[in-house]
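Line by line, the protein sequences give chains A and B. One gets this note's numbering by counting positions in the first sequence from 1 and adding 10 to each. One gets this note's numbering by counting positions in the second sequence from 1 and adding 10 to each. Below is one structure, written out as structure tokens; comments come after it.
There are 2 protein chains.
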Amino acid sequence: MKALSRPNLYLALVHYPVINKSGEIIASAVTNLDLHDIARAAKTYGVKKVYIITPLDDQKELVQKIVSHWTLGGGSRYNALRKEALELIEIEESLESAVRHIEAVCSVKPRTIMTCARDVGGRIGFREIREKFESGEPYLLVFGTAWGLAESLLETADYVLEPIRGNTGYNHLSVRSAASIMLDRLLPECC
Amino acid sequence: MKALSRPNLYLALVHYPVINKSGEIIASAVTNLDLHDIARAAKTYGVKKVYIITPLDDQKELVQKIVSHWTLGGGSRYNALRKEALELIEIEESLESAVRHIEAVCSVKPRTIMTCARDVGGRIGFREIREKFESGEPYLLVFGTAWGLAESLLETADYVLEPIRGNTGYNHLSVRSAASIMLDRLLPECC
Numbered sequence: 011m012k013a014l015s016r017p018n019l020y021l022a023l024v025h026y027p028v029i030n031k032s033g034e035i036i037a038s039a040v041t042n043l044d045l046h047d048i049a050r051a052a053k054t055y056g057v058k059k060v061y062i063i064t065p066l067d068d069q070k071e072l073v074q075k076i077v078s079h080w081t082l083g084g085g086s087r088y089n090a091l092r093k094e095a096l097e098l099i100e101i102e103e104s105l106e107s108a109v110r111h112i113e114a115v116c117s118v119k120p121r122t123i124m125t126c127a128r129d130v131g132g133r134i135g136f137r138e139i140r141e142k143f144e145s146g147e148p149y150l151l152v153f154g155t156a157w158g159l160a161e162s163l164l165e166t167a168d169y170v171l172e173p174i175r176g177n178t179g180y181n182h183l184s185v186r187s188a189a190s191i192m193l194d195r196l197l198p199e200c201c
Numbered sequence: 011m012k013a014l015s016r017p018n019l020y021l022a023l024v025h026y027p028v029i030n031k032s033g034e035i036i037a038s039a040v041t042n043l044d045l046h047d048i049a050r051a052a053k054t055y056g057v058k059k060v061y062i063i064t065p066l067d068d069q070k071e072l073v074q075k076i077v078s079h080w081t082l083g084g085g086s087r088y089n090a091l092r093k094e095a096l097e098l099i100e101i102e103e104s105l106e107s108a109v110r111h112i113e114a115v116c117s118v119k120p121r122t123i124m125t126c127a128r129d130v131g132g133r134i135g136f137r138e139i140r141e142k143f144e145s146g147e148p149y150l151l152v153f154g155t156a157w158g159l160a161e162s163l164l165e166t167a168d169y170v171l172e173p174i175r176g177n178t179g180y181n182h183l184s185v186r187s188a189a190s191i192m193l194d195r196l197l198p199e200c201c
């Protein structure tokens with residue numbers, strides 16, 4: 011019987027370039043619970059790394075401080091499960107530097123799968139992505155904070171994943187919820 | 011062609027009685043982003059109300075203050091989408107009082123579907139619950155904060171839903187992630 015191979019999947023949470031409510035390009039502030047929730051969901055579904063993307067030095071320091079607390083400091087002794095999840099986090103200057111990091115580990119450049127709740131064309135479905143994962147090649151699933159990834163970044167995507175539609179027409183999930191649901195759809199339970 | 015009827019589903023987030031890391035029964039503090047994330051996911055999937063369950067007066071006041079900001083105050087003008095979601099929130103003293111509230115609206119007592127990441131017996135599957143929803147009768151999906159619902163509450167459940175397993179054996183999702191994933195599994199996309 012062939013063993014189930016786990017997809018070679020990485021995740022990135024982008025704080026720049028993203029857009030604000032008015033559609034302007036901004037660098038968003040890091041939200042503490044984004045780190046926890048997304049790292050915990052990533053750990054649950056076997057994602058290999060969670061890249062927190064920000065070019066801002068004070069935001070990098072903030073992320074480092076939070077992650078260190080849970081992986082090395084008091085938090086690591088208080089809650090070993092939280093430690094395991096937060097250990098997945100890496101801080102990177104840009105999406106390009108995260109791509110280079112994965113390329114260095116895997117010896118092949120990852121394909122990017124970007125997400126966007128807005129109405130943009132040329133989407134790929136969840137089933138098609140699951141089939142692609144079977145190749146064992148690396149993929150990087152990319153989420154935007156604030157009001158979503160900037161158009162300039164989306165234009166560089168290998169794939170843009172279809173959005174979560176729910177069943178009401180209401181389209182305003184948190185990035186924490188969207189990432190959790192998408193991981194559940196892309197990486198079905200093995201047991 | 012028969013129109014798809016939306017399930018008659020309510021959600022409750024319980025802050026008492028829940029357990030802490032040591033298994034002791036506590037009343038947990040309300041987390042701001044629980045309200046936002048769960049209300050937004052509930053709105054996305056057509057849940058009718060989100061009951062925040064706490065017997066503590068200062069916590070009720072906190073929830074009321076947060077909800078009022080987004081439904082009546084400055085937040086409602088800043089972000090109308092957030093307003094729509096937060097309007098689903100009702101504060102209740104206990105799970106029993108939430109059940110009575112639903113019973114008063116629906117003229118029939120809702121069945122409770124409780125959730126628990128711990129290993130407890132007698133679980134019902136997602137597919138079976140989806141089939142039950144077709145009756146149009148009211149159901150109340152119940153989540154615990156902190157380390158989960160107290161045993162004394164779980165014993166009163168009509169159903170205990172199977173847990174989310176992921177594909178790694180790691181079992182430590184946030185309640186925000188678990189609620190989002192469970193709604194996605196129980197209320198599939200209509201379009």
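Virtual Cβ for every residue (Gly too), placed ideally from N, Cα, C.
How would you call residue i, buried or exposed, if buried means at least 16 neighbouring beta carbons within 10 angstroms?
i	result
L159/A	buried
D67/A	exposed
E71/B	exposed
G135/B	exposed
N18/B	buried
E199/B	exposed
L91/A	exposed
D194/A	buried
K59/B	buried
E102/A	buried
G285/A	Residue numbering for chain A in the displayed model covers 11 to 201; residue 285/A lies beyond these limits and cannot be assessed.
D33/B	A small fix is needed here, since residue 33/B is Gly in this sequence, not Asp. Under this definition G33/B is an exposed residue.
A108/B	buried
What does a CB cutoff of less than 7 Å around residue i pick up in its chain, not counting 5 residues either side in sequence?
i	result
E94/A	K53
E97/B	T81
N42/A	I76
Q69/B	H25, A39 and V40
Report the residue from the options whose alpha carbon sits nearest the alpha carbon of residue i.
i	options	result
R87/A	I101/B, K31/B and E102/B	K31/B
F143/B	G56/B, Y26/B, V28/B and L164/B	G56/B
L171/B	L196/B, T64/B and S162/B	L196/B
W157/B	A39/B, R16/B and Y20/B	A39/B
P173/A	S107/A, Y26/A and R128/A	R128/A
G166/B	V152/B, T178/B, G179/B and R175/B	The sequence given here places Thr at residue 166/B; Gly does not occur at that position. Taking only the C-alpha atoms, the option nearest T166/B is V152/B.
G146/B	T155/B, P120/B and V130/B	P120/B
L105/A	R16/A, I35/A, T64/A and N42/A	T64/A
Alpha carbon to alpha carbon, how far is residue i from residue j?
i	j	result
G132/B	V185/B	21 Å
S83/B	I99/B	Per the sequence shown, the amino acid found at residue 83/B is Gly instead of Ser. Taking the straight line joining both Cα atoms gives about 15 Å.
A188/B	L45/B	14 Å
V118/A	A22/A	17 Å
L164/A	T125/A	8 Å
P27/B	N89/A	22 Å
Q74/B	G154/B	20 Å
I62/B	N177/A	23 Å
G85/A	V115/B	45 Å
R137/A	A37/B	42 Å
I130/B	E141/B	As written in the sequence, residue 130/B is Val, which differs from the Ile given in the question. Cα-Cα distance, rounded: 23 Å.
I29/A	I29/B	40 Å
Just to confirm my understanding: we take residue i, look at its own chain, exclude 5 residues before and 5 after, and list those with CB closer than 6 Å. What are they?
i	result
R50/B	A95
M192/A	none
L16/B	Inspection of the sequence shows that residue 16/B is occupied by Arg rather than by Leu. Answer for R16/B: G56, listed in chain order.
L183/A	none
H79/A	G85
Among residues of its own chain, excluding the 5 on either side of residue i, which ones have a beta-carbon nearer than 8 Å to its beta-carbon?
i	result
I139/B	I123, Y149, Y169, L171 and L196
D47/B	R186, A189 and S190
R110/A	none
N181/A	A127, P173 and R175
S162/B	P27 and I35
I112/A	Y20, K59, K119, P120, P148 and L150
Suppose only complete runs of 3+ residues qualify. What are the beta strand (DSSP E) ranges in the segment 97-132 of chain B, listed by chain order?
99-102 and 121-124, all fully within the segment 97-132 of chain B.
Can you list, in chain order, the stretches of the beta strand (DSSP E) that have 3 or more residues and sit fully within the segment 11-42 of chain A?
Restricting attention to beta strand (DSSP E) runs no shorter than 3 residues, the segment 11-42 of chain A encloses them at 19-24, ordered along the chain.
Uninterrupted alpha helix (DSSP H) stretches inside the segment 127-175 of chain A (no shorter than 4 residues)
Counting only runs that start and end inside the segment 127-175 of chain A, the alpha helix (DSSP H) elements of at least 4 residues fall at 136-143 and 161-164.
Secondary structure, alpha helix (DSSP H): runs of 4+ residues fully inside the segment 43-73 of chain B:
The qualifying runs do not exist here; there are none.
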